[in-house]
Structures are given as structure tokens and as C-alpha cells.
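Visitor:
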Amino acid sequence: MNLLRLTATEALALMEKGELSSAELTGACLSQIERHDAEVSAFLKLTAAEAHQQAAAADAAAGERPPLAGLPTAIKDVLCTRGVTTTCASRMLENYDPIYTATCVEQMTAAGIVSLGKTNMDEFAMGSSTENSAYGPTRNPWDLERVPGGSSGGSAAAVAAGEAVWALGSDTGGSIRQPAALCGVVGLKPTYGSVSRYGLVAFASSFDQVGPLTKSVKDAALMLKYLVGKDPLDSTSVEYPETVMIPEDKDLQGVRIGVISELQTEGIDPAVKDVFDRAVTTLEAAGAVVTEASLPHSQYALPAYYILAPAEASANLARFDGVRYGFRAGGGDDVTAMYEETRSRGFGEEVKRRIMLGTYALSSGYYDAYYGQAQKVRTLVVQDFEEAFKQVDLLISPTSPTTAFKLGERTADPLTMYLSDICTIPVNLAGLPGISIPAGLADGLPVGLQIIGKAFAENDLLQAARGAEMAIGFDGVSPLIEGQDK
Amino acid sequence: MKYEPVIGLEIHVELSTRSKMFCGCRVEFGGEPNTRTCPVCLAHPGALPVMNRQAIRYLTRIALALDCEIPGKSIFHRKNYFYPDLPKGYQISQYDQPFAIEGELHVGVEGEIFRVGIERVHQEEDTAKNIHAGESGRIAGSLYSLIDFNRSGTPLVEIVTKPEIHSPQAARAFLNKLKNTLLYLDVSDCNMEEGSLRCDANVSLKPVGAEELGVKTELKNMNSFKHLEKGLTQEIARQMALLEEGGKVVQQTVHFDVASGEISPLRSKEFAHDYRYFPEPDLVPLVASAEFVDEVRAEMPELPEARSRRYMETLGLPEYDAEVLTSSRNLADYYEESLGHYQDAKALSNWVMGELLGYLNATGQELSDLKVKPGQLAALLKMVDSGGINAKTGKEVFAEMCDTGKDPSAIVEAGGLAQISDQSELEALIDKAIADNPGQVEQYRGGKQQVVGFFVGQVMKATQGRANPQAVNELLRKKLSG
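These protein sequences, in sequence, are chains A and B.
Residue 20 is where the first sequence starts when you use the working numbering, and the numbers rise one by one after that.
Residue 7 is where the second sequence starts when you use the working numbering, and the numbers rise one by one after that.
#1: Quick one: what does DSSP say B:W357 is sitting in, helix, strand or coil?
#2: From the DSSP output, in three-state form, read off A:P329 for me.
#3: Exposed or buried, A:Q469, counting other C-beta atoms within 10 Å across all chains shown (16 or more means buried)?
#4: Indicate whether at least one CB of chain B lies closer than 7 Å to the CB of A:E359.
#5: How long is the line joining the alpha carbons of A:Q482 and A:K237, rounded to whole angstroms?
#6: Please tell me whether B:V113 has its Cβ less than 7 Å away from any Cβ of chain A.
#7: For A:V496, is the classification buried or exposed, using 16 other Cβ atoms within 10 angstroms of its Cβ as the cut-off for buried?
#8: Give me the subset of the region 364 to 385 of chain A whose CB atoms are less than 8 Å from a CB atom of chain B, sorted by chain position.
#9: Just by C-beta distance, which residues in the region 141 to 175 of chain A are closer than 7 Å to chain B?
#10: Ends of the beta strand (DSSP E) at B:C205?
#11: Under three-state DSSP, which class holds A:A423?
#12: Excluding the 5 residues preceding and the 5 following B:R121 in the sequence, name in chain order all residues of the same chain whose CB lies nearer than 7 Å to its CB.
#13: What is the DSSP secondary structure of B:G123, reduced to helix, strand or coil?
#14: Hey, does B:G95 have any beta-carbon neighbour from chain A nearer than 7 Å?
#15: Beta-carbon within less than 6 Å of B:P77's beta-carbon, same chain only, minus the 5 sequence neighbours each way: which residues are those?
#16: Mind listing which residues of the region 31 to 53 of chain B have their C-beta closer than 9 Å to chain A's C-betas, in chain order?
#17: On the premise that A:G306 lies in contact with A:Q272, defined as a C-beta separation below 8 Å, what is that separation, rounded to the nearest angstrom?
#18: Could you give the distance in angstroms between the alpha-carbon of A:L31 and the alpha-carbon of A:V166?
#19: Among B:I440, B:R472 and B:Y150, which one has its Cα closest to the Cα of B:S487?
#20: Only counting the same chain, and skipping five residues up and downstream in sequence, which positions put a Cβ closer than 7 Å to that of B:P310?
#21: For the alpha helix (DSSP H) that contains B:A61, what are its first and last residues?
#22: A:S174 and A:K234: beta carbons closer than 7 Å?
#23: Rounded to whole angstroms, what is the Cα-Cα separation between B:R204 and B:V302?
#24: Please tell me whether A:V133 and A:A199 are closer than 7 Å, where the distance is taken between their beta carbons.
#25: Would you tell me roughly how many angstroms separate the C-alpha atoms of A:S109 and A:G218, rounded to the nearest one?
#26: Which residues, taken in chain order from the region 333 to 355 of chain A, show a beta carbon closer than 9 Å to some beta carbon of chain B?
#27: Given a cut-off of 7 Å, decide if A:P445 and A:V411 are closer than it, judged by their beta-carbon atoms.
#28: Below 8 Å, how does it come out for the region 51 to 59 of chain B and the region 282 to 294 of chain B: are there three or more Cβ pairs, yes or no?
#29: What is the DSSP secondary structure of B:H18, reduced to helix, strand or coil?
#30: Along chain B, which residues have their Cβ under 7 Å away from the Cβ of A:V220?
#31: List, in order along the chain, the chain B residues whose C-beta lies closer than 8 Å to that of A:P251?
#32: Could you say which of A:G203, A:V220 and A:L25 lies nearest to A:T120 if we only look at CA atoms?
#33: For A:E331, return the contacting residues in chain B, with the cut-off set at a CB-CB distance below 7 Å.
#34: Would A:T210 pass as a contact of A:P452 if the rule is Cβ separation under 7 Å?
#35: Does DSSP put A:L219 in a helix, in a strand, or in coil?
#36: Closer than 7 Å by C-beta to A:A27: which residues in its own chain qualify, once you throw out the five before and the five after it? Chain order, please.
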């Protein structure tokens with residue numbers, strides 16, 4: 020048995036029956052990391068010794084096992100972990116050891132996971148390729164010349180490479196779903212407010228949401244079950260209105276699915292479109308009622324996002340000033356010089372670009388034209404979704420307009436890079452749940468199918484995603500996992 | 007041309023809640039630096055603010071006391087600027103949708119009551135405290151600065167008046183009245199020295215009767231009543247001189263140097279801020295439901311006006327007494343507690359306004375420092391009323407009570423101060439006085455009635471003032487006539 024192929028759900032069942040130990044599973048992941056992570060670079064920080072200990076403890080524990088006992092998990096380096104360096108892939112936090120742990124990580128730990136370490140990302144979650152990491156890019160396990168997507172590229176690559184059973188990521192404009200699509204795994208962005216953001220280093224507070232990157236839809240549901248909940252430390256979190264269910268093995272009979280027409284044409288790579296169209300046919304064959312749906316304002320979603328998210332980021336990142344923690348550039352004559360040096364040297368190019376964009380958009384005299392206008396667009400996008408959901412239960416589109424692109428291919432052109440998230444961003448503007456599942460391969464590279472649900476209707480979304488997953492029957496794994504088949 | 011000053015005040019009040027505005031750290035002045043901090047008030051990555059309910063209750067009390075309109079929903083904004091005492095790089099404050107608007111406060115100055123409109127009352131958080139190493143404590147000339155984050159995130163309420171104050175005296179009276187009201191509300195200790203009550207003033211001049219306001223300057227951190235009045239007086243004089251010379255007032259922040267009494271402009275560069283306000287995405291809107299506001303209204307303490315009215319109507323005190331006694335909540339509380347043990351409201355008022363306030367003024371003490379408990383004051387007054395001691399001795403006993411905190415009975419006993427009313431004892435003393443002063447006896451009998459005062463004095467002298475003056479008087483008249 021190739022342990023690297025196991026989903027979390029399968030591994031749990033085996034461990035429950037005593038046919039597999041956490042030590043074996045954790046050991047398999049750590050060995051795979053040892054074999055391949057020098058090239059993949061999914062991890063920024065490995066906590067192998069602690070992982071071995073946690074696995075041993077999970078195996079030795081008497082009595083009822085915690086629900087996620089012994090599952091080796093990778094954690095995106097945007098989540099604070101007490102005493103374990105948390106860098107957000109930035110020079111700014113090179114030696115920053117948090118004094119507390121993010122609520123979602125606490126919840127996962129309480130549920131019994133084994134933590135393998137912290138994964139690479141675009142600096143402060145700003146990017147779509149994980150090339151904006153101050154510590155070097157992560158590579159796509161399907162093709163090491165290509166990017167894994169981003170910003171949760173490290174988490175997606177770790178799962179796709181078999182280096183972790185599953186991983187935690189965060190999604191502000193597509194940062195879970197797009198890398199999941201490019202790496203051939205499942206990625207879920209939950210409804211805004213369902214998962215606590217306490218301890219998630221903020222990029223754009225009104226968009227950010229933590230979620231799972233997994234090998235299956237059931238795994239995504241399983242992790243979500245232990246992520247949701249009202250956190251007294253996050254005012255924007257809410258009591259999740261229902262119990263998160265593990266989806267049943269059921270087809271799509273009677274499910275009304277709308278194909279977002281605006282996300283079918285412009286900028287979608289023909290090979291991706293081809294895989295997507297075949298997936299649509301498959302869903303219909305599985306009983307889904309597929310129609311066209313329209314989000315008339317979706318063309319404005321991307322520009323609005325690139326006003327609002329940088330505006331919030333410009334304030335969120337102001338705390339990195341060299342005064343209390345993290346990087347401080349010496350040598351300045353006064354505090355202003357220290358700020359300027361620290362922030363000039365501590366932040367990478369893309370982060371600085373977005374701080375500048377956001378600062379500009381909020382400046383006196385420009386606020387109404389930029390921030391104010393973008394907020395109006397946001398409202399219109401929310402209304403578009405509300406209208407669309409009067410006709411259908413779920414909406415679908417490709418997750419990413421292209422498959423994984425080559426390293427360096429888009430780094431010179433930020434605008435082209437921004438377009439990587441054209442299909443995922445509207446979902447964040449509206450705060451809705453969205454999932455990406457593998458839809459097939461185009462030229463040997465994974466293509467993602469994005470399914471969007473109503474707010475707090477993750478159960479319906481996950482059930483349909485499970486139906487789609489079964490119907491599509493994608494069973495591809497990256498060569499790095501395949502290589503370990505006996 | 008004749009000019010009149012137009013003054014607007016901006017007051018910051020630190021609330022005396024148990025915990026900070028957006029985290030659970032304790033609110034307390036002083037203490038070992040950086041011991042009351044957490045990821046939130048240190049602005050560690052990923053930390054989020056959570057609103058303090060108690061602060062919102064206090065805020066509501068203030069808004070109600072100032073007769074403000076409370077729109078149902080207000081929101082928080084981020085006010086962005088870089089400074090080492092501002093850990094997040096932004097202050098969570100309120101901007102175009104403040105908690106309360108359009109209030110008023112009535113203030114008396116030199117016997118006249120005037121109304122000051124309140125523009126807005128909103129909630130925000132305090133910064134940390136920069137401590138500049140060096141003798142002056144100011145940043146200029148210091149070698150380095152240290153930051154104490156204990157204060158970071160303390161709930162702060164900002165109260166902004168309309169520009170409707172027209173003299174430094176009135177500004178001072180307003181601030182005094184506001185402070186008194188806040189103390190009544192029990193929402194802040196209003197300690198100006200510790201910075202829990204801070205005041206900025208905007209001042210401009212306009213020709214008397216003109217509608218349009220002149221160019222204003224801002225005086226920051228006028229942290230005592232005296233400085234506020236003096237600073238405004240100086241700044242008004244400076245502007246007046248400028249205008250009379252045909253010059254122009256420049257809009258700027260000016261610094262009032264307390265020691266020299268000089269006004270000097272601050273570098274305008276420091277204040278050329280664009281705060282880039284935008285709605286705080288980490289907090290949900292602050293909704294003050296009608297039920298909530300009613301609940302707070304029901305728990306509002308009695309305010310100075312109402313208390314003063316009650317003193318006049320039910321205790322029968324003159325207006326002056328009622329005003330003085332209710333001028334601070336502490337004093338009024340002290341008065342009422344004493345009144346629980348002693349029923350003569352006016353006599354008590356006389357003692358409190360005369361002896362008690364006299365002692366505090368003379369020694370520079372606060373009422374909270376006073377060693378005499380209300381019950382002890384009441385006991386003293388009862389002794390005087392019952393003739394146990396005479397009024398003059400009573401005042402001396404009170405002074406000793408203030409110094410030692412002892413009970414009046416203990417002081418009277420230890421000092422042998424009890425009043426002498428015993429007829430035979432007094433008669434002996436009177437006989438001696440008459441015998442010793444035949445000349446004065448002659449004068450009295452010759453019709454010079456006021457000589458009786460001389461004999462009272464003699465008896466008082468002989469008893470160190472302890473003789474019952476009324477009894478002495480009566481006995482003397484009898485003996486001298488006889």
C-alpha cells in the first residue's frame with residue numbers, strides 16, 4: 020500500500036481498525052518530504068521531531084481517539100503557531116516566534132492532528148504563484164518547472180506531493196482554490212465568518228478565510244467540521260448555523276447548477292475550457308440540471324478587489340514597523356528613517372506594490388473615486404449572486420483560467436498574474452463558500468472545477484462536490500506520489 | 007474693530023472600565039511598564055479587536071448625560087498614521103458615523119447660565135505612552151525613547167463641542183462642569199495629571215456680531231483648568247495683536263509653554279496628516295438598540311442639577327449652598343452621608359462649606375484625603391448642639407480631627423475641652439472677675455451695658471474658652487445688676 024495516496028478519511032479508518040499507526044503515516048510523509056521537498060520547497064519550517072512525538076502520543080493514547088487523531092497536517096505559514104517561527108514568507112518576520120496560536124490551529128490540535136510544519140506561500144498571501152516568497156518559490160509536484168499556484172502554494176504542493184495528508188490554507192481572492200486547481204487537489208474556501216481569523220495574519224480582513232486543502236471532498240468536509248465556530252476573539256466569526264456533515268456517496272440527481280457565462284470566454288485557456296465543458300457534460304449525466312447563469316457585474320470584480328484588498332492590506336501591514344518585533348533596519352537617524360528602511364527592506368516587491376495601491380486608494384481626494392466606488396461594485400456582485408441563486412442551487416466555473424504556468428512566466432507582469440484569480444475573486448467579494456475539485460488533465464496538468472454555494476450552505480456545496488467528484492472520477496496523482504507505488 | 011473669541015473644545019476621557027477597549031488586559035494607571043499587554047494591544051500579527059461592552063455602556067451614559075441623539079447604528083473606522091506609540095499603525099476610532107451627536111451642556115459663568123452645543127461623542131482607543139529619556143521629558147534633546155504599552159488600547163471617549171464658547175473663563179467653567187458630570191456618571195476618574203481627562207482647544211477671533219468664523223489655531227493637551235484658561239488668554243491676546251496690526255492668523259497648532267507662559271507654533275509638518283480613514287473590517291457595526299439605551303438610562307445616577315434641585319426642594323437649602331455642595335459628586339456624597347447621622351441640613355451645610363472646605367483649601371488636600379469621616383463630623387455637630395462643647399471649641403476640635411482622624415469625643419476628653427455649664431463653678435469665676443475689676447463694675451452700673459463683654463472675656467480666659475457663653479452671660483447680668 021502506498022500510504023501517500025491515503026486520504027485523511029481512509030487513514031482515519033485504518034488507524035481506527037489498528038491497521039495503520041500515526042507513526043507509520045507521519046513517517047511516510049516525513050520520508051517523502053526528505054525525498055522531495057528540497058525540489059518542491061513546500062515547507063518553510065519542518066517540525067519533524069515534534070511530529071514524531073505527536074504521532075507516538077496519538078498511537079499510545081488510551082480510550083476514545085480524538086476525531087482527527089494522528090493525521091499529519093501541514094499548516095500555511097500565515098497562521099500563528101506559538102513558539103514555532105511564523106514568517107508569512109516575509110523577511111519582515113524572519114525570526115518571529117508568535118506568542119500565541121491561531122484559533123483554527125488550536126481547534127485542529129484539540130481534534131488530534133499531528134503538525135508537520137509550516138508551508139510556503141506568497142509573502143503575506145499576496146500572489147498567485149508562491150513566487151513572491153522571500154524564501155524562494157514552491158514548485159508544482161506535477162511538473163517541477165511550473166508554479167503550484169498561490170498564495171497557499173506550499174500547502175497545495177505538500178498535499179499533491181504526498182508530503183502531508185492534508186493542509187490548512189487561507190483564501191483572500193482564490194488562494195486556496197487556485198493552487199488546489201493547479202496541483203490537482205481539493206480546496207475549500209468556507210463562507211466568510213464561519214472560521215475564526217484570530218491568529219491568521221491579516222492580508223485583507225473582510226475577505227480572508229481559512230480553509231482546507233485535501234485529497235478528497237470528504238476530507239474537506241471532515242476538516243471543515245473542526246474549523247467552524249464562533250470565536251469570542253473574532254468579532255466577525257459566527258456560530259455555524261448547522262452541523263457540518265460528511266457528504267454521502269450520492270449522484271447529482273435534481274441538483275440545479277448554473278454555469279457562469281461571464282467566466283466561460285474571456286481569458287480562459289481553450290484546453291482548460293475543454294476539460295471544463297467535459298466536466299459539465301459529466302455532471303449532467305449524473306443527474307444535474309445544468310443551465311446558464313449570469314453574474315453581470317463580475318467583470319468589475321477583479322478591479323474592485325484590487326482596490327479593496329490592497330486598501331485593507333495597507334492598514335493591516337502598518338504594524339510591521341520594526342518597533343516591537345520582526346525585522347528592524349538599523350542605522351537610521353530617527354524613527355521615520357527607521358520605518359522607511361525597515362519597510363523598504365523587510366517587504367518584497369509585490370507587498371510594497373499593494374501597500375502603495377491601497378494607500379493611494381484611501382488618500383484624501385481619491386477615496387470616493389476608488390474605495391467608495393469599489394464598495395459599490397462589491398454590493399452589486401453580492402446582488403448578482405443573490406439573483407443567480409434564485410434560479411439555481413450552485414454555480415460553477417473553471418477555478419483558474421489556465422493550468423499551472425512556468426516559473427518566472429508572469430513575474431514581470433503583475434496584471435497578468437492578477438488575472439489568475441479572475442474566476443475566484445467574485446466569490447470572496449460576496450463572502451460565499453467555494454470549492455475547487457480536480458476536473459481532469461489538460462496536457463498532463465490538472466484543471467480545477469469551481470463550485471460555488473450559498474452562504475453557510477457548505478453542506479449542500481460539499482454534497483454536490485462529492486457527487487461531482489464521483490461522476491468525474493479523477494484519480495490522478497502527481498508523479499511524486501506515483502513514484503512511491505510499489 | 008472689536009473682536010470676540012470663539013472657542014471649541016475637544017475632550018478625551020479615559021474610561022475606568024476593568025479591561026481595555028478591544029482586549030481583556032486590565033486598565034490601570036501606572037504599574038510596571040509593559041505588564042498589562044497581550045497580542046491585541048501590542049498589535050501582534052493576526053490579533054483581532056473585540057469590543058468592550060462596559061465601555062459602550064459608559065459611552066452611552068455620557069451621551070445621555072449630554073442630552074445627545076444616539077443614532078441606532080454607528081461604525082468604527084481605522085485612522086491611519088505611523089507613530090511608535092500606535093502599535094497597529096492605525097487607531098480604531100469613529101469617523102463619519104459617530105455614536106452620538108447633537109447634545110448640549112449648560113454651564114454657569116459669573117452667575118449666568120449659557121448653553122454649549124455638543125457636536126459629537128464617539129468611542130476610540132488610547133495609544134501607548136512614549137517616555138523620552140532625558141531631563142526635559144520632551145522628545146527634543148532626548149537620547150532615546152521607551153514605550154509603555156500598558157495604556158495601549160485603554161477605552162477613550164472623545165467629546166467635541168461646537169464652537170460656542172466665548173471666553174477662556176467660560177472654557178474653564180465648561181471643562182469643570184463636564185468633569186463634574188463625568189465624575190457623577192462614574193465613568194472615569196478624570197485625573198488630568200494622569201491624563202485620564204485631556205483637553206484640546208480651537209480658538210479663533212471674529213469681529214463682534216459677525217457670522218463667519220475667523221482662522222483658528224489649536225492648543226493641544228491643555229492638561230489643567232488653569233493651563234486651559236491661561237493658554238487661551240495668551241493665544242487670544244496673540245491673535246488680537248496680530249489682527250490689530252493688520253496681520254493674519256495662520257491655521258496651525260500652537261504650543262503653550264506653562265513655565266514661560268509663551269505661545270509658540272509647532273512645526274506644521276508634523277500635523278499635515280492624511281489619516282486615510284476607512285471602515286474597520288475587523289469589527290461589526292455598533293448597534294445601540296432602544297432597549298439597550300433605555301436600560302442604561304434607567305441605571306443613570308442623579309446628575310448635579312437634579313441633586314441641587316433636590317437639596318433646595320426637600321432639604322430647604324439656599325441655592326448657593328446647593329450649588330456648592332453638588333459641585334462635586336464626592337462632596338455631595340459626603341454631605342449626604344453626614345446627613346444620615348445628623349438632621350440639621352443647613353447647620354451641616356454651614357460646617358461643610360465653612361470648616362471642611364476651608365480646611366481643604368488651606369491645606370491643598372482633596373476630599374478623598376480627609377481623615378474626618380462623615381459620621382465623625384455628625385458626632386461633632388451633635389456635641390455642639392447639645393452643649394457638650396461650645397461652637398468655638400467645636401471648630402478647634404474639628405481642626406484636630408482633620409489632623410489626627412480621632413473621634414471628637416476622644417479629643418474633647420483628652421483635652422478637657424468639655425464645656426463648663428455648672429452653675430456654682432461659673433459663679434465662683436464670675437465673683438472673682440467682679441472682685442478683681444471694680445472699675446468695670448462701676449462702668450456697667452453707670453449704664454455702659456457693653457462692659458458685660460469684658461467680663462465674659464475674663465471668664466472665658468480663665469476657662470480657656472470652655473465656659474458656656476450663654477450661661478456666663480446670664481449669670482453675669484444677674485450679678486452685675488444685683
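Where is the CB? At the ideal position from N, CA and C, for every residue including glycine.
All values reported here derive from a predicted model rather than from experimental measurement.
Guide: According to the data block:
#1: In the three-state reduction of the DSSP assignment, B:W357 falls in the helix class, which pools H, G and I.
#2: The answer is helix: DSSP assigns A:P329 an H, G or I state.
#3: Around the C-beta of A:Q469, 16 or more other C-beta atoms lie within 10 Å, and the residue is accordingly described as buried.
#4: For A:E359, the answer is no, since every Cβ of chain B falls outside 7 Å of its Cβ.
#5: Cα to Cα, A:Q482 sits roughly 9 Å from A:K237.
#6: Among the residues facing chain A, B:V113 is not included, as its CB has no counterpart in that chain under 7 Å away.
#7: A:V496 should be labelled buried.
#8: Within the region 364 to 385 of chain A, the residues whose Cβ lies closer than 8 Å to some Cβ of chain B are T378, L381, S382 and S383, listed in chain order.
#9: Listed in sequence order: no entries.
#10: In the DSSP assignment, B:C205 falls within the beta strand (DSSP E) that extends over L203 to P213.
#11: Annotated three-state conformation of A:A423 is coil, per DSSP.
#12: These residues qualify, in order along the chain: E110 and H112.
#13: For B:G123, the secondary structure class from DSSP, reduced to helix, strand or coil, is strand.
#14: For B:G95, the answer is yes, since a Cβ of chain A falls inside 7 Å of its Cβ.
#15: Apart from the 5 residues on each side of it in sequence, B:P77 has no Cβ closer than 6 Å to any other Cβ in its chain.
#16: Listed in sequence order: C44, P45, V46, L48, A49, H50, P51, G52 and A53.
#17: A Cβ-Cβ separation of about 4 Å places A:Q272 in contact with A:G306 under the 8 Å criterion.
#18: Spanning the alpha carbons of A:L31 and A:V166 requires a straight line of approximately 31 Å.
#19: Measuring from the Cα of B:S487, the nearest candidate turns out to be B:I440.
#20: Short of 7 Å from the beta carbon of B:P310, and not among the five residues preceding or following it, lie these beta carbons of its own chain, in chain order: N186, T187, Y190 and T332.
#21: In the DSSP assignment, B:A61 falls within the alpha helix (DSSP H) that extends over R59 to A71.
#22: No, the pair does not count as a contact, with Cβ atoms beyond the cut-off.
#23: Roughly 25 Å between the two C-alpha positions.
#24: In this structure, A:V133 sits away from A:A199, with a CB-CB distance that is not shorter than 7 Å.
#25: Spanning the two alpha carbons is a distance of roughly 16 Å.
#26: For the region 333 to 355 of chain A, which is checked against every Cβ of chain B, the residues closer than 9 Å are S333, A334, N335, L336, A337, R338, F339, D340, V342, R343, Y344, G345, V354 and T355.
#27: The Cβ-Cβ distance between A:V411 and A:P445 does not fall below 7 Å.
#28: Yes, the region 51 to 59 of chain B is in contact with the region 282 to 294 of chain B.
#29: Here B:H18 sits in strand by DSSP.
#30: Neighbours of A:V220 on chain B, chain order: P51 and G52.
#31: Residues of chain B passing the Cβ test: V56.
#32: Nearest to A:T120 by alpha-carbon distance, out of A:G203, A:V220 and A:L25, is A:V220.
#33: Going along chain B in sequence order, the residues near A:E331 (Cβ under 7 Å) are P287.
#34: Yes.
#35: Here A:L219 sits in strand by DSSP.
#36: Cβ-Cβ distances below 7 Å link A:A27 to L90, V184, W185, T233, D238 and L241 in the same chain, with the five nearest sequence neighbours on each side left out; the list follows chain order.
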